[in-house]
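Data block below; observations after.
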Amino acid sequence: MKSSGLLGSLSLLRTFLRNPTGIGAIAPATRFLARAVSASVRDLGVPPSCFLYELGPGTGALTGALYTLPHPLVLVERERHFAELLRKRFPKAQVHCEDALHSEALKGAPQGSILVSSLPILSLPNPEPFKALFFESLLSGRFRAILQYTYGPKD
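Its first residue numbered 3, the sequence shown is counted upward by one per residue in my numbering.
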(Lines of atoms letter the chains of each structure in order from A and count residues from 1; the text may use other names and numbers.)
(Lines give C-alpha, C1' and ligand atoms only; values in the text may rest on other atoms or scores of the structure.)
Protein backbone atom coordinates (compact mmCIF):
# COMPACT_ATOMS: atom_id res chain seq x y z
CA MET A 1 0.00 0.00 0.00
CA LYS A 2 1.31 3.45 -0.86
CA SER A 3 2.12 5.77 2.03
CA SER A 4 -0.82 8.05 1.11
CA GLY A 5 -3.07 4.98 1.16
CA LEU A 6 -1.78 3.93 4.56
CA LEU A 7 -2.18 7.46 5.95
CA GLY A 8 -5.69 7.61 4.49
CA SER A 9 -6.60 4.27 6.06
CA LEU A 10 -5.29 5.37 9.45
CA SER A 11 -7.16 8.67 9.19
CA LEU A 12 -10.37 6.85 8.27
CA LEU A 13 -9.96 4.43 11.19
CA ARG A 14 -9.28 7.31 13.61
CA THR A 15 -12.42 9.12 12.41
CA PHE A 16 -14.46 5.92 12.77
CA LEU A 17 -13.24 5.38 16.33
CA ARG A 18 -14.11 8.97 17.23
CA ASN A 19 -17.61 8.82 15.68
CA PRO A 20 -18.69 5.34 14.48
CA THR A 21 -22.04 6.49 13.08
CA GLY A 22 -20.55 9.41 11.18
CA ILE A 23 -18.56 7.33 8.70
CA GLY A 24 -19.62 4.57 6.34
CA ALA A 25 -16.60 2.27 6.35
CA ILE A 26 -13.45 1.69 8.34
CA ALA A 27 -11.38 1.17 5.18
CA PRO A 28 -11.19 3.22 1.99
CA ALA A 29 -12.87 2.07 -1.22
CA THR A 30 -10.95 -0.49 -3.24
CA ARG A 31 -9.18 0.24 -6.53
CA PHE A 32 -11.64 -2.11 -8.21
CA LEU A 33 -14.59 -0.02 -7.03
CA ALA A 34 -12.79 3.21 -7.97
CA ARG A 35 -12.18 1.94 -11.51
CA ALA A 36 -15.79 0.73 -11.83
CA VAL A 37 -17.25 4.08 -10.75
CA SER A 38 -14.82 5.97 -12.97
CA ALA A 39 -15.80 3.75 -15.93
CA SER A 40 -19.49 4.40 -15.19
CA VAL A 41 -18.87 8.15 -15.37
CA ARG A 42 -16.89 7.73 -18.59
CA ASP A 43 -19.71 5.60 -20.07
CA LEU A 44 -22.13 8.51 -19.64
CA GLY A 45 -20.37 10.10 -22.61
CA VAL A 46 -20.59 13.67 -21.36
CA PRO A 47 -18.27 16.41 -22.65
CA PRO A 48 -15.12 17.29 -20.69
CA SER A 49 -16.69 20.61 -19.66
CA CYS A 50 -19.31 18.74 -17.59
CA PHE A 51 -18.70 19.20 -13.84
CA LEU A 52 -18.23 16.13 -11.67
CA TYR A 53 -19.19 16.33 -7.98
CA GLU A 54 -18.26 13.80 -5.32
CA LEU A 55 -20.06 13.72 -1.99
CA GLY A 56 -18.24 12.22 0.97
CA PRO A 57 -14.89 11.50 -0.66
CA GLY A 58 -13.25 10.79 2.71
CA THR A 59 -9.57 10.04 2.14
CA GLY A 60 -9.93 10.18 -1.64
CA ALA A 61 -9.66 6.48 -2.52
CA LEU A 62 -12.36 6.84 -5.19
CA THR A 63 -11.37 10.43 -5.95
CA GLY A 64 -8.03 9.29 -7.36
CA ALA A 65 -9.78 7.53 -10.26
CA LEU A 66 -12.22 10.42 -10.80
CA TYR A 67 -9.32 12.89 -10.81
CA THR A 68 -7.94 11.25 -13.97
CA LEU A 69 -11.13 12.05 -15.91
CA PRO A 70 -11.22 15.23 -18.04
CA HIS A 71 -13.97 16.88 -15.97
CA PRO A 72 -13.73 19.75 -13.47
CA LEU A 73 -13.93 17.99 -10.09
CA VAL A 74 -15.74 19.37 -7.03
CA LEU A 75 -15.42 17.53 -3.71
CA VAL A 76 -17.84 18.01 -0.82
CA GLU A 77 -16.46 16.58 2.42
CA ARG A 78 -17.86 17.22 5.91
CA GLU A 79 -14.79 16.23 7.93
CA ARG A 80 -12.23 19.04 8.09
CA HIS A 81 -9.14 16.81 8.30
CA PHE A 82 -10.30 14.82 5.24
CA ALA A 83 -10.93 18.07 3.33
CA GLU A 84 -7.38 19.20 4.13
CA LEU A 85 -5.99 15.85 2.95
CA LEU A 86 -8.02 16.10 -0.27
CA ARG A 87 -6.71 19.61 -0.99
CA LYS A 88 -3.15 18.31 -0.76
CA ARG A 89 -3.74 15.15 -2.81
CA PHE A 90 -5.87 16.75 -5.53
CA PRO A 91 -4.74 20.36 -5.99
CA LYS A 92 -6.78 20.93 -9.18
CA ALA A 93 -10.05 19.90 -7.51
CA GLN A 94 -12.34 22.35 -5.73
CA VAL A 95 -12.72 21.10 -2.15
CA HIS A 96 -15.62 22.30 -0.01
CA CYS A 97 -15.68 21.43 3.68
CA GLU A 98 -19.42 21.30 4.32
CA ASP A 99 -22.28 18.93 4.99
CA ALA A 100 -23.89 17.56 1.82
CA LEU A 101 -27.41 18.43 3.00
CA HIS A 102 -26.52 22.12 3.33
CA SER A 103 -23.91 22.35 0.59
CA GLU A 104 -23.59 25.68 -1.19
CA ALA A 105 -21.37 23.92 -3.73
CA LEU A 106 -24.22 21.58 -4.69
CA LYS A 107 -26.73 24.41 -4.88
CA GLY A 108 -24.41 26.19 -7.31
CA ALA A 109 -23.77 23.19 -9.55
CA PRO A 110 -24.05 23.96 -13.27
CA GLN A 111 -26.97 22.34 -15.10
CA GLY A 112 -26.20 18.83 -16.31
CA SER A 113 -23.42 18.02 -13.85
CA ILE A 114 -22.70 14.48 -12.63
CA LEU A 115 -22.93 13.51 -8.96
CA VAL A 116 -21.00 10.60 -7.44
CA SER A 117 -22.04 9.89 -3.87
CA SER A 118 -19.90 8.00 -1.40
CA LEU A 119 -22.29 8.79 1.45
CA PRO A 120 -23.05 5.84 3.75
CA ILE A 121 -26.78 5.87 2.98
CA LEU A 122 -27.44 2.38 4.41
CA SER A 123 -25.82 3.15 7.75
CA LEU A 124 -27.49 6.51 8.31
CA PRO A 125 -30.18 6.64 11.01
CA ASN A 126 -32.38 8.71 8.67
CA PRO A 127 -31.50 8.50 4.96
CA GLU A 128 -34.68 10.27 3.82
CA PRO A 129 -33.18 13.79 3.63
CA PHE A 130 -30.43 12.46 1.34
CA LYS A 131 -32.96 10.70 -0.88
CA ALA A 132 -34.87 13.98 -1.12
CA LEU A 133 -31.63 15.82 -1.95
CA PHE A 134 -30.89 13.41 -4.80
CA PHE A 135 -34.46 13.56 -6.12
CA GLU A 136 -34.52 17.36 -6.05
CA SER A 137 -31.09 17.52 -7.69
CA LEU A 138 -32.29 15.41 -10.61
CA LEU A 139 -35.60 17.26 -10.97
CA SER A 140 -33.88 20.65 -10.98
CA GLY A 141 -31.62 19.58 -13.83
CA ARG A 142 -28.47 20.41 -11.89
CA PHE A 143 -27.44 16.78 -12.20
CA ARG A 144 -27.98 14.59 -15.25
CA ALA A 145 -26.88 11.47 -13.37
CA ILE A 146 -26.31 10.40 -9.78
CA LEU A 147 -24.08 7.43 -9.05
CA GLN A 148 -24.45 6.19 -5.47
CA TYR A 149 -22.48 3.39 -3.90
CA THR A 150 -22.76 2.41 -0.29
CA TYR A 151 -21.88 -0.37 2.10
CA GLY A 152 -24.23 -2.06 4.49
CA PRO A 153 -24.58 -5.10 6.71
CA LYS A 154 -25.85 -8.30 5.16
CA ASP A 155 -29.24 -9.52 6.37
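We treat Cβ as the ideally placed atom computed from N, Cα and C, and that holds for glycine.
Everything numeric in this text was worked out from a predicted model, so none of it was measured.
Residues bridged to residue i [DSSP beta-bridge criterion]
{"i": "residue 55", "result": "76, 117"}
{"i": "residue 67", "result": "For residue 67, which the question treats as bridged, DSSP gives no partner whatsoever."}
{"i": "residue 145", "result": "115"}
{"i": "residue 98", "result": "78"}
Counted within 10 angstroms of its Cβ, other Cβ atoms place residue i as buried (16 or more) or exposed
{"i": "residue 98", "result": "buried"}
{"i": "residue 104", "result": "exposed"}
{"i": "residue 28", "result": "Since pLDDT at residue 28 reaches only 49, below the 50 mark, its modelled position is unreliable, and the value read off the structure follows with that caveat. Residue 28 should be labelled exposed."}
{"i": "residue 84", "result": "buried"}
{"i": "residue 143", "result": "exposed"}
{"i": "residue 59", "result": "buried"}
Cα-Cα separation between residue i and residue j, rounded to whole angstroms
{"i": "residue 81", "j": "residue 47", "result": "32 angstroms"}
{"i": "residue 89", "j": "residue 62", "result": "10 angstroms"}
{"i": "residue 118", "j": "residue 102", "result": "12 angstroms"}
{"i": "residue 54", "j": "residue 129", "result": "23 angstroms"}
{"i": "residue 148", "j": "residue 94", "result": "22 angstroms"}
{"i": "residue 75", "j": "residue 96", "result": "6 angstroms"}
CB contact flag (residue i, residue j, <9 angstroms)
{"i": "residue 68", "j": "residue 56", "result": "yes"}
{"i": "residue 146", "j": "residue 123", "result": "no"}
{"i": "residue 77", "j": "residue 39", "result": "no"}
{"i": "residue 137", "j": "residue 150", "result": "no"}
{"i": "residue 71", "j": "residue 43", "result": "yes"}
Candidates the options, of which the one nearest residue i by Cα
{"i": "residue 152", "options": "120, 73, 137, 126", "result": "120"}
{"i": "residue 91", "options": "114, 66, 49, 134", "result": "66"}
{"i": "residue 112", "options": "44, 140, 87", "result": "140"}
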